[in-house]
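Colleague: Mapping of the sequence shown onto full-length UniProt numbering: residues 1 to 133, in sequence order. Cβ atoms here follow ideal geometry from the backbone N, Cα and C, with glycine treated the same way. Just so you know, these numbers come straight off a predicted model, no measurement behind them.
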Amino acid sequence: MLLSGVDVAANYLLVKAFQYTALTSIQLLDCIQLPTVLALSWLFIKVRFGLLHILGSCIALMGVGCLVWADIEDISADITPKNRFLGDMLCLLGAALYAVSNVSEEYAVKCYSIVEFLDNVIIKCVPFMPFIS
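1. Can you list the alpha helix (DSSP H) stretches of 4 or more residues lying completely in the stretch 81-131, in chain order?
2. Are the stretch 31-42 and the stretch 109-118 touching, with three or more C-beta to C-beta distances below 8 Å?
3. What's the gap between the Cα of Glu116 and the Cα of Val47?
4. I need the boundaries of the alpha helix (DSSP H) containing Ile72, first residue and last residue.
5. When we look at the beta-carbon of Leu118 and count the other beta-carbons within 10 Å, is it buried (16 or more) or exposed?
6. Could you tell me if Ser133 is buried or exposed, where buried requires 16 or more neighbouring beta carbons within 10 angstroms of its beta carbon?
Structural data, given as structure tokens:
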């Protein structure tokens with residue numbers, strides 16, 4: 001249940017970010033999820049990654065920093081820099097929450113069988129089915 005709450009919060013933050021920043025910024029900033037998954041998997045699941053994975057994550061993080069800086073410096077857009085920064089931060093937080101959700105699901109599948117994990121997901125989702133329209 002907690003995993004689904006994190007997933008919903010991440011989705012809400014990414015949708016909310018559309019009000020404050022540009023679509024291209026959101027699409028590019030959402031890619032921060034991959035380095036975050038890499039870091040969380042290394043910390044909590046003890047997955048070992050190669051040098052190319054780490055190098056790619058570092059390049060992605062530098063790109064994200066440059067993109068946030070460019071959004072703040074962009075004065076030609078209709079959106080004020082303060083609002084763009086807020087939109088960028090909402091997007092980064094949403095991507096980080098997606099990463100937490102993905103790593104948590106990976107950990108749950110690692111600890112339990114895939115059938116047991118999916119069984120728990122289905123059992124917990126069935127009570128909410130009448131509310132989905």
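Modeller: In terms of the structure at hand:
1. 81-111 and 114-125
2. no
3. 22 Å
4. Leu51 to Glu73
5. exposed
6. Note that Ser133 scores a pLDDT of 47, beneath 50, so its modelled location is shaky; the value from the coordinates is reported in the next line. Result: exposed.
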